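Residue numbering for the sequence shown follows numbering that gives the first Met the number 0, beginning at 0 and increasing consecutively.
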Amino acid sequence: MDGNTWTKAQKDAIKAKGGSVLVSAAAGSGKTAVLVQRVIEILTDKKNVCEANRLLIVTFTKAAAAEMRERINRRLAELIEQNPGDTFLKRQQILLSSAHISTIHSFCSSLIKDNFYKLDIPKEFRIADSSEIALLREDAINEVFEENYKASRGAFLHLIEIFNNDKNDKKLVEIINSLYDFIRSYPFPKKWLDEKLQMYDSSLPAEKSAFGQIILNYAESLLCYCSDALISAKTLISKEEKLSAYLTSFEQDLSAIQQIKDSLKSESWDDIAEKINNFTMSTLKRITGEHDNPVKLKVLSIRKQIKSTLLELQGLFAEKASDCIDDTKRLFPIVKELFCIVRDFYEKLEELKRKSSICDFGDLEHLSIKLLVSPSQSDFERTEVAKELSEKFKYIMIDECQDINAAQDMIFKAISKDEANLFTVGDVKQSIYRFRQAMPEIFLDRKERYKKYDEKAAEYPAKIILDRNFRSRKEILDMVNFIFRKIMSREIGEMEYTKEEELRLGAVFEDNSQDSTVELKVLDLSTKYDDENLDAAEARYISAQIYKMITQGYKVKDKDGFRAVTFRDFCILLRNTNKHTQIFAKEMLACGIPTIYDNTGGFFSTNEVSVITSLLNVIDNPVQDVPLISVLLSPIAGFSVDDLAFLRAQSPDLPLYFAFLEYSKINERAKLFLDKLKKWRALAATMRSDKLINYIYADSGYINTVQAMPLGQIRLNNLRLLAEYARNFEANERKGLGSFVVFINRLKEQKFDLNAASSFSKLDNAVRIMSIHKSKGLEFPVCFIANCS
């Protein structure tokens, strides 16, 4: 895009600089180009000078930050080439190298390193990997539980009794971990716990309590649904004279429901409950001879749905106000104790992290908040560090703002000039990081409060809507708009899909004279397939479609015009790749469709890694039957099931390792393997675990073996990854094979897997399988969304 092709909204987003600006940028709306151009216009403005190192640009990923810096630098270079004598532009280009263009965590890390002496952390702290943090969390929760068990505190033991049905602490541990992750998305986690505990204040009447308000709001939505359904039914009846006898009953029901709805705002809990529980729908008059009348069937179906909804509503008000208050009183000590344990866990984990001089990404945010603000009665107070930074940064720009959380938002507030110099870009429809505690409601709240930007009035804070999509055809946009209109609301999706949110065609595409680009295929296999076979059936169907499009020469557009589609143009999106990818890939490969996919997790379960981890266990302690069997049956040792049966028959009462020692006396191959094992065990006493692993790879020839297997390159990459994980482990002040084996086994016990090697490689001409999450920001000419059930 250039100055001649910017839309009105894009120009506004580039020019508006008088205050806080929010840009709601739909998919494919040229958001990055707009952001780059906005930066360029700021950097080239000689009247209102802003040096490049006074910009803070926060992106979601390191790759996005690098791309942003490179694009800005390239545009400056182009301008300098046009004006070689402009020293102002040259200076800006030099200062760009020290500009703060980074992820939020990179910014926080720099801030902490510059001010570490103001915090209770060592200067040389490091960011721990997720596996190390997982084990520290286990240690922390175990210590907290052990201390409380020793103290035999009644409240704690009662909490254990409530949550643990399987005679272990697993359920309560899961709850504590989840609550810990959740509260860290807020700037002051312990303050959040105190505030939420007040929700259990039993001095309030039921209808005024926090939980009562939630139930009343939900009841209102159910009654609104019933009202709308009755109005819809009345409209149908009024157009069908034969059903007019129904009209009075539907009008009576509508009036009664409206009265109940009005009472939600003004009456007591018991009065509302009485109205709801005493309400029965009026009896319909009998209409004969219309058994097959479609309008009658539709009206009766609506009435049935309303009855079902009212039954749910009555269930919500089954208890009296006094019972609700009693429930709250009983819950208060339980919740208080739960929050107390969460606090203990929080503090214990912080202590263990400090001892190891490590932190995680959440810690970066909270250490930054500690440097920037302190909680106050109203909200927060900024520190001197925050005030200095707010003077340093003239403009603060935040990309992907729909995916920030309250803690991150607090950081931006603290370092801004009361938010007046904030430029936030996002799109709630693209928010997919709830599982990482993203809070799209922060972006939505600003969007609802801000007025639409008008360059003539220029009132701030203001919002600008980029709704033109320059990436997709009209058929795609029409389908997206159709689906989103039906499914998105405040209750589902947290927003209404209004005209303001709709995607609009922004580009002109050449007609390729082919069928519609969007199709919905429904495979009805529910009665005869289990989940695995459903995946296989979908994979086979998609394979047939791909094969058909390939053989019929389906055309796709690229920069040189239209060309025949190839395998690399196809992508299959799945909701859960861990669960379904392997089945899809297996079936598609069986159908002759080259397929590649990106593994997440599943590392320890891969055959090649499982063999090596078993071998490491045997080297550390050979008297372990299961790992030893795994190694003996692997290509490293090369024994068969018959061999193992024979040696077990020879020494039925001995542990397998000692039976194998006896076997080696009569079997040369067994003796050779024992000699190697003896050598590896001797090396393990003095060698780092990563170096030992690489030595075993070469000495055993296992590297060559796995490369000869199907998907050999991926298997090789997995083995290299294992050595890399071991190297990182050794770098973290933990030494030796024994410690590494314990580390791996603890991860397995916790069911915490590591990422396996990606199968995206030089095999370019193949269909990609990936998660919807991983596909964000990528483009494919043909896309299948599977496993939608």
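Note that beta-carbon positions come from the ideal geometry of N, C-alpha and C, so glycine has one too.
Given the structure is predicted, the values throughout are model-derived calculations rather than measurements.
Buried/exposed call for residue i, threshold 16 Cβ in 10 Å
i	result
Asp44	exposed
Asn468	buried
Ser488	exposed
Ile463	buried
Phe144	buried
Lys30	buried
Lys761	In this prediction, Lys761 scores a pLDDT of 43, lower than 50, which makes its location untrustworthy; no coordinate-derived value is stated.
Asn167	exposed
Arg136	buried
Cys107	buried
Pro83	exposed
Glu336	buried
Three-state class that DSSP yields for residue i in the structure shown
i	result
Thr605	coil
Thr43	coil
Ile120	coil
Gly153	helix
Phe583	helix
Gly211	helix
Met487	coil
Ala563	strand
Leu312	helix
Cys323	helix
Thr4	coil
Asn292	coil
Leu192	helix
Ile403	coil
Asn620	coil
Leu762	Confidence in Leu762 is poor, its pLDDT being 47 and thus under 50, which makes the residue's placement too unreliable to answer from.
Leu431	It should be pointed out that residue 431 corresponds to Ile in this sequence rather than to Leu. Ile431 falls in the coil class under three-state DSSP.
Val790	In the structure displayed, the chain extends from 0 to 788; residue 790 sits before or after that span and is not available.
Ala456	coil
Leu777	coil
Ile463	strand
Closest Cα partner of residue i within the set the options
i	options	result
Asp398	Phe442, Ala644, Ser267	Phe442
Ile56	Leu653, Leu246, Val35	Val35
Leu465	Arg484, Tyr449, Lys149, Glu499	Glu499
Arg285	Asn276, Phe278, Lys295, Thr279	Lys295
Phe59	Gln401, Glu501, Ile635	Gln401
Leu42	Val20, Leu75, Ser373	Leu75
Pro204	Leu522, Met769, Ile395, Trp268	Trp268
Ile771	Leu88, Ala232, Gln429	Gln429
Leu229	Ser639, Val298, Tyr185, Pro709	Val298
Ser226	Ala244, Gln376, Glu250	Glu250
Phe422	Gly84, Lys386, Lys450, Ala461	Ala461
Ser321	Ala218, Glu206, Leu588, Ala406	Glu206
Pro293	Thr279, Phe278, Ile236, Lys264	Ile236
Asp307	Ser373, Ile271, Leu221	Sequence check: residue 307 is Ser here, not Asp. Among Ser373, Ile271, Leu221, the Cα nearest to that of Ser307 belongs to Leu221.
Ala538	Ser367, Ile13, Ala785	Ala785
Cys49	Asn420, Tyr394, Lys578	Tyr394
Pro593	Arg680, His99, Cys570	Cys570
Ala209	Val424, Thr327, Lys169, Lys149	Thr327
Val625	Lys117, Asn693, Pro654, Lys670	Pro654
Residue(s) in a DSSP beta bridge with residue i
i	result
Glu380	Ser373
Met396	Ile56, Phe422
Ile357	Arg125
Tyr596	Ile768
Ile100	Ile56
Asn164	In the DSSP output, where bridge partners are listed per residue, Asn164 has none listed.
Phe783	Ile571
Leu504	Asn468
Ile549	BP columns for Ile549 are empty, so no partner.
Ala205	Its beta-bridge partners do not exist; DSSP assigns none.
Asp557	Gly560
Asn754	Gly601
Lys450	Ala461
Residue i at chain C interface by Cβ criterion, 7 Å
i	result
Ala98	Checking the listed chains, one finds no chain C in this structure; it contains a single protein chain.
*asked:* Quick check for students: name the residue ranges of the alpha helix (DSSP H) that lie wholly in the region 622-694, counting only runs of 4 or more.
replied: Qualifying alpha helix (DSSP H) stretches, in chain order: 624-631, 640-649, 655-663, 667-683.
*asked:* Report the start-end ranges of each alpha helix (DSSP H) in the region 219-277 that is 4 residues or longer and not cut off at the edges.
replied: Qualifying alpha helix (DSSP H) stretches, in chain order: 246-262, 268-277.
*Which full runs of the alpha helix (DSSP H) of 4+ residues lie inside the region 15-84, going along the chain?*
Whole alpha helix (DSSP H) segments, 4+ residues: 30-42, 61-81.
*Whole alpha helix (DSSP H) runs in the region 700-747 with 4 or more residues, listed along the chain?*
For the region 700-747, whole alpha helix (DSSP H) runs of length 4 or above, ordered along the chain, are 701-706, 711-730.
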